[in-house]
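To start, the structure under review is shown below, and the notes come after it.
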Amino acid sequence: PSVSGALDDTAWPSILPTQAESWIGEQRVVLRRDGIELFPKFTVTGMKFDGVVAASLDAVSGDSYTDVTGRARTTGPANVPGVAITARDEEQGVELEWHLELLPGGLARQKAIVTNLFGAEAGAEAPLEIGKIELGFPLPESASEILTTTGHHLRERSPQRQPLTIGRFEKPQLAGRPDFDASLLLTAGVPGFGFEHGEAYSVHVGWSGNSVLSAERLPY
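Using my numbering, read the sequence shown as starting at 441 and increasing by one per residue.
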C-alpha cells in the first residue's frame, strides 16, 4: 500500500464493485442478515455468452408481461446478443446473477438477480435483506461533464450541466414515482457535448418507483 492508504495500482472496478475488490467508492451492494451487514466476496460460478440471452423487462416476468387488459406484451425479439454471469459467496449464502443485453436499437441493458442461498428453499430460514443493488457502467476519463434534467410543473425536463469532479453526483427520485424533477437520463461526456457533436454516454433506470441515478469519480 502507498502512504495514502490506497493500493499501488488502481483496480479496475467490476460492474458491481464490492469492498472485497478494493472498491473505496459509494457502496453498490448493501445486504444484511439478522441485522448484520454482509460484505460478499463473489466468485464466478457460471458464464453464458453463446450469443443470445432471453430479452426481458425485469427479473420476474421474463421476456413478456400481461397488461391490465389481459393482453401479452413483449419487449421485442425473444433473444438478443448478451452475456449472463452467475457468481456466489457460499460462506455468506448469496448468489448474484447478472445479465447484459444488447437491444436491436443499440442500447445496452443490464439487470441483477440476488438469491438467498440460506432461504426456505434451501431448508433454512435466514432472511436476506437487500438494501441496495446499484449497477453501473465504466466511463472514460474524458467524460468530465454531466447533464441531467430537473424542473417543476410547466417546466419539467429542464437541462442542467455541471462538471464531474472528484466525488459522487446523485440524482435521487424518492416521490414513489417519477415527478417533474425526475431526470430521464444521466449523461456524461466531453465538455460542451451536444446533440450533433462530442462524445457522450447516457444511462436510464427502467423503473416507475423510487430510484437513483449517479455518477462517481475517484481520485485514484
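Ideal placement from N, C-alpha and C gives every residue a C-beta, glycine not left out.
With which residues is S654 paired in a DSSP beta bridge?
In the DSSP output, where bridge partners are listed per residue, S654 has E610.
Mind checking which residues open and close the beta strand (DSSP E) that includes D529?
From DSSP, the beta strand (DSSP E) with D529 extends over G522 to D529.
Please report how far the alpha carbon of P567 lies from the alpha carbon of F558, in whole angstroms.
The straight-line gap from Cα to Cα measures roughly 7 Å.
Any idea if E581 is buried or exposed, counting beta-carbon neighbours within 10 angstroms, 16 or more meaning buried?
Flag for E581 reads exposed.
Three or more C-beta pairs under 8 Å: does that hold for the stretch 610-625 against the stretch 537-546?
The stretch 610-625 vs the stretch 537-546: no contact.
Three Cβ pairs or more, each shorter than 8 Å: is that satisfied between the stretch 593-601 and the stretch 634-641?
Verdict: no, contact absent.
Report the rounded CA-to-CA distance for P457 versus W463, giving the unit in angstroms.
Looking at the two C-alpha atoms, the distance is approximately 6 Å.
For E461, which three-state DSSP category applies?
Correct three-state label for E461: helix.
Among E569, E461 and T483, which one has its Cα closest to the Cα of L471?
The candidate whose alpha carbon is nearest that of L471 is E569.
Rounded to the nearest angstrom, how far is the Cβ of V523 from that of L536, given a contact under 8 Å?
That pair is no contact at about 14 Å.
Out of E565, V645 and P521, which one is the CA nearest neighbour of K611?
For the residues E565, V645 and P521, the minimum Cα distance to K611 belongs to V645.
Check whether the Cβ atoms of E678 and E477 lie closer than 8 Å to each other.
Lying before the first or after the last residue shown, residue 678 is absent from the chain, which here runs from 441 to 660.
Which residues share a DSSP beta bridge with P603?
Partner(s): E585.
Skipping 5 residues on each side, what residues in its chain have a beta carbon closer than 6 Å to that of W538?
Counting only Cβ-Cβ distances below 6 Å, and skipping sequence neighbours, we find I525 and A552.
Using the rule of at least 16 other Cβ atoms within 10 Å of the residue's Cβ for burial, across every protein chain shown, is L653 buried or exposed?
By the 10 Å Cβ count, L653 comes out buried.
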